[in-house]
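Chemist:
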Amino acid sequence: MTNTKFLRRWVVAGMLAAAASAAGAQNYPARPVKLLVPFAAGGVADITARVLSQKMSGSIGQQVLVENRPSAGGVVASEAVAKAEPDGYTLLFITNGNAVSASLFKSLPYDTVKDFAPISTVGFFDLVLVVDSASKVGSVRELIALAKANPSKFNIGTINPGSTQNLAAELFKSMAGLDAQVVPFKATPAVITALKGNDVQAAFEILAPVLGQIRGGTLKALAVTSDKRFAGLPGVPTVAESGVPGYQASSWNGVAAPVKTPKAVIDRLNREVNAALAAPEVRSRLQELGVDARAGTPEALGALLVSEIAKWKAVIERAKIPQQ
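Residue 514 is where the sequence shown ends in our numbering, and the numbering goes up by one at each step.
#1: How would you label residue 245, buried or exposed, when you count the other beta carbons within 10 angstroms and need 16 or more for buried?
#2: Taking Cβ to Cβ, would you say residue 433 is nearer than 8 Å to residue 330?
#3: Roughly how many whole angstroms lie between the Cα atoms of residue 411 and residue 217?
#4: Do you know offhand how far residue 460's Cα is from residue 473's?
#5: Who are residue 310's beta bridge partners in DSSP?
#6: Are residue 447 and residue 276 touching if we call contact CB-CB under 8 Å?
#7: In the DSSP assignment, what are the bridge partners of residue 411?
#8: Is the Cβ-Cβ distance between residue 488 and residue 261 less than 8 Å?
#9: Pull up the distance between the alpha-carbon of residue 465 and that of residue 247, whole angstroms please.
#10: Of all the options 241, 342, 264, 398, which has the alpha carbon lying nearest to the alpha carbon of residue 372?
#11: Given that a residue counts as buried once 16 or more other Cβ atoms are within 10 Å of its Cβ, and exposed if not, what is residue 367?
#12: On the CB-based measure, 16 or more other CB atoms within 10 Å of its CB, does residue 444 come out buried or exposed?
#13: What is the rounded straight-line gap between the Cα of residue 370 and the Cα of residue 340?
#14: Roughly how many angstroms lie between the CA atoms of residue 512 and residue 294, to the nearest whole one?
#15: Just to confirm, is the Cβ distance from residue 286 to residue 507 under 8 Å?
#16: Can you list the beta strand (DSSP E) stretches of 3 or more residues lying completely in the stretch 385-429, in chain order?
#17: Reducing DSSP to helix, strand and coil, say where residue 482 ends up.
#18: CB-CB under 6 Å to residue 440, same chain, minus the five flanking residues each way: which ones, in chain order?
#19: Sorted by chain position, which residues of the same chain lie with C-beta nearer than 8 Å to residue 480's C-beta, five sequence neighbours on each side aside?
#20: State the beta-bridge partners of residue 374 as determined by DSSP.
#21: Compare the beta carbon distance of residue 303 and residue 495 with 8 Å and say whether it is the shorter of the two.
#22: Report the CB separation of residue 272 from residue 305 in whole angstroms; it is logged as a contact under 8 Å.
#23: With DSSP as the reference, label residue 440 as helix, strand or coil.
#24: Judging by CA-CA distance, which residue of 332, 354, 269, 349 is the nearest neighbour of residue 505?
#25: Let's test the definition: count the other Cβ atoms within 10 Å of the Cβ of residue 471 and tell me whether it reaches 16, buried, or not, exposed.
#26: Near residue 230, what residues of its chain come up, given a Cβ to Cβ distance below 8 Å and the 5 sequence neighbours on each side ignored?
#27: Just the Cα atoms here: how many angstroms apart are residue 502 and residue 324?
#28: Please work out which residues of its chain come closer than 7 Å, Cβ to Cβ, to residue 427, disregarding the five sequence neighbours upstream and downstream, and give them in chain order.
#29: So is residue 510 buried or exposed if we call it buried at 16+ other beta carbons inside 10 Å?
#30: Which residues does DSSP list as the beta-bridge partners of residue 257?
#31: Kindly list the residues whose CB is nearer than 7 Å to the CB of residue 356, restricted to its own chain and excluding five residues on each side of it in sequence; keep chain order.
What follows is the structure, encoded as structure tokens:
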């Protein structure tokens, strides 16, 4: 076969493949879509995914089925999506845990940036800095002053090492210039027990699990860790406006597909996610969970992932958290 004939056939084959891909994208979705969530059922992230999927199911003409694949760092769900067909029928509920895992694990069976096609952010989970309701500390500035005056007696409680809460505390400790000890516990109830028993003098936690106790008066919220105040607690300032300029730490999630998923499919899914999160009933339900519904472009999610990987890599190295 001459080079010219080979080239012609190669071009024709490419055109046919592109046409088939375009046709598939035009008819998308023709069957149910799976959304893999790297957490167990019942948690805030899982409920967020189900609220989103239910709304999307009503608009795309096919069911969006949530499938829980819990594992440390979201590795199991992420690997499954990274290796799935890039046809838009297997999606990942990507989270800040993916950004942390990129530095927390010695190796991963996928590339966190290169193996996924971002679709949209979904929500941002505020973390909150709390003290016991009986504490005399009433602000972040007072907390910092107390910690600096008693470096050997001031502990900050969080859940597991490498968790967003744990890294948020390490970031706070570094940016506030504290010599405090960050003490990890296995679960939120243990953190609260330690706080009530004065074994730790402050704690960082996702807002949702402690929102009821804050509103009930058993815990005192000093500040939220995001870049703006949480609408459900408008009187609670951010850490940044309370004496630690530039501080920001949030748990977040979004939707991603395997890399090489057709752009037309990505664009369709982006429109659907944006429309679902704009619905008042969805925004209201997520706010009840302590989640700020926030959609965006694929490019914005991609940029967020890259920046979060760099941010938490620096925190992990500074805190000397060992790789797993």
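C-beta: ideal position from N, C-alpha, C; glycine also.
Computed from a prediction, not measured in an experiment: that's the story for all the values here.
Modeler: Checking against the coordinates, here is how it stands:
#1: buried
#2: yes
#3: 49 Å
#4: 17 Å
#5: 445
#6: yes
#7: 320
#8: no
#9: 12 Å
#10: 342
#11: exposed
#12: buried
#13: 9 Å
#14: 7 Å
#15: no
#16: 392-396, 409-414
#17: strand
#18: 314, 416
#19: 234, 315, 316, 396, 397, 398, 401, 420, 422
#20: 348
#21: yes
#22: 4 Å
#23: strand
#24: 354
#25: exposed
#26: 236, 258, 260
#27: 33 Å
#28: 413, 419
#29: exposed
#30: 226
#31: 348, 349, 350, 372, 374
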